[in-house]
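Here's the structure we're looking at; comments come further down.
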Amino acid sequence: EAQVTQNPRYLITVTGKKLTVTCSQNMNHEYMSWYRQDPGLGLRQIYYSMNVEVTDKGDVPEGYKVSRKEKRNFPLILESPSPNQTSLYFCASSRDREETQYFGPGTRLLVL
Amino acid sequence: AQSVSQHNHHVILSEAASLELGCNYSYGGTVNLFWYVQYPGQHLQLLLKYFSGDPLVKGIKGFEAEFIKSKFSFNLRKPSVQWSDTAEYFCAVSPYSSASKIIFGSGTRLSIRP
Chain A
-13 EAQVTQNPRY LITVTGKKLT VTCSQNMNHE YMSWYRQDPG LGLRQIYYSM
37 NVEVTDKGDV PEGYKVSRKE KRNFPLILES PSPNQTSLYF CASSRDREET
87 QYFGPGTRLL VL
Chain B
54 AQSVSQHNHH VILSEAASLE LGCNYSYGGT VNLFWYVQYP GQHLQLLLKY
104 FSGDPLVKGI KGFEAEFIKS KFSFNLRKPS VQWSDTAEYF CAVSPYSSAS
154 KIIFGSGTRL SIRP
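Keeping their order, the protein sequence lines are chains A and B.
Per this note's numbering, the first sequence starts with residue -13, numbered consecutively.
Per this note's numbering, the second sequence starts with residue 54, numbered consecutively.
Here you go:
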């Protein structure tokens, strides 16, 4: 089954404790992206990746890092989380930028 | 700056009413346009998309959208809504000039009274 998976689905952490949210897709998609969803703001793109070892900033990259060492995986790293990063995070993938994006189930993060 | 505006933040309708959700974008060049839906507790799914050709696009579940280039709009419509259409709807734009930016609107929450 074609899908995008994210782990963990729910996470409560404290300020400053590094964390990683994993994202994996099994569709051999080249384009992958991370979004955060906040009430009244819709989805805002954090980082995206056109292919392995090719990543770039989206609209709200501050406080986040990503890597794309393999085509299927695109982890999101918060080196020093802060409470303003409390949000719902979605990973998405598509064959290329212009195609339909397939979204993961979301990761709800609470930073205390 | 490129942006997508969804003017209706929350729409409440009765079953069988007609629906139109507005979406306007600010970009003068060629764009790809999308509507995504997020049902309660679920992730986003594609409703429909426009890349080129017929500006009236039909999607799943009886939804359609019309691209009006002169108005920079891509409004979503459904002639008769059902309770199961209760969800949040997001318009998204992918400008050709931007390497990989995909810009989402802030979303419209649709509540259907049974």
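Glycine included, every Cβ here is placed at the ideal spot set by N, Cα and C.
Proximity of residue i and residue j at Cβ, strictly below 9 Å
i: residue 72 of chain B; j: residue 131 of chain B; result: yes
i: residue 93 of chain A; j: residue -6 of chain A; result: yes
i: residue 4 of chain A; j: residue 63 of chain A; result: yes
i: residue 21 of chain A; j: residue 32 of chain A; result: yes
i: residue 116 of chain B; j: residue 109 of chain B; result: no
Whole-number beta carbon distance between residue j and residue i, since they are thought to touch under 8 Å
i: residue 97 of chain A; j: residue 67 of chain A; result: 5 Å
i: residue 133 of chain B; j: residue 77 of chain B; result: At roughly 25 Å, the Cβ-Cβ gap does not stay under 8 Å, so residue 133 of chain B and residue 77 of chain B are not in contact.
i: residue 63 of chain B; j: residue 162 of chain B; result: 5 Å
i: residue 157 of chain B; j: residue 57 of chain B; result: 6 Å
i: residue 163 of chain A; j: residue 46 of chain A; result: Since the first and last residues shown for chain A are -13 and 98, residue 163 of chain A lies out of range.
Cut-off 8 Å between Cβ atoms - residues of its own chain near residue i, not counting five sequence neighbours on either side
i: residue 39 of chain A; result: 54, 55
i: residue 58 of chain A; result: 10, 11, 12, 14
i: residue 72 of chain A; result: 95, 96, 97
Partners in chain A for residue i, counting only beta-carbon separations shorter than 7 Å
i: residue 102 of chain B; result: 86
i: residue 96 of chain B; result: 76, 89, 90, 91, 92
Contact set between residue i and chain B, taken where Cβ atoms lie within less than 8 Å
i: residue 47 of chain A; result: Going along chain B, no residue has its Cβ under 8 Å from residue 47 of chain A, so there is no contact; the nearest lies around 12 Å.
Per-residue burial, residue i [other beta carbons within 10 Å of its own, 16 or more giving buried]
i: residue 166 of chain B; result: exposed
i: residue 79 of chain A; result: buried
i: residue 6 of chain A; result: exposed
i: residue 159 of chain B; result: buried
i: residue -4 of chain A; result: exposed
Close Cβ partners of residue i (< 6 Å) along its chain, the five nearest in sequence each way excluded
i: residue 13 of chain A; result: -12
i: residue 85 of chain B; result: 104, 147
i: residue 88 of chain A; result: -10, 79
9 Å Cβ cut-off: residues of chain A touching residue i
i: residue 127 of chain B; result: Within 9 Å Cβ-Cβ: nothing; residue 127 of chain B doesn't reach chain A, min ~15 Å.
Amino acids of chain A, ordered along the chain, whose beta-carbon sits closer than 8 Å to that of residue i
i: residue 143 of chain B; result: 28, 29
i: residue 159 of chain B; result: 26, 27, 28
Cβ neighbours of residue i in the same chain (closer than 7 Å, five flanking residues each side left out)
i: residue 99 of chain B; result: 87, 89
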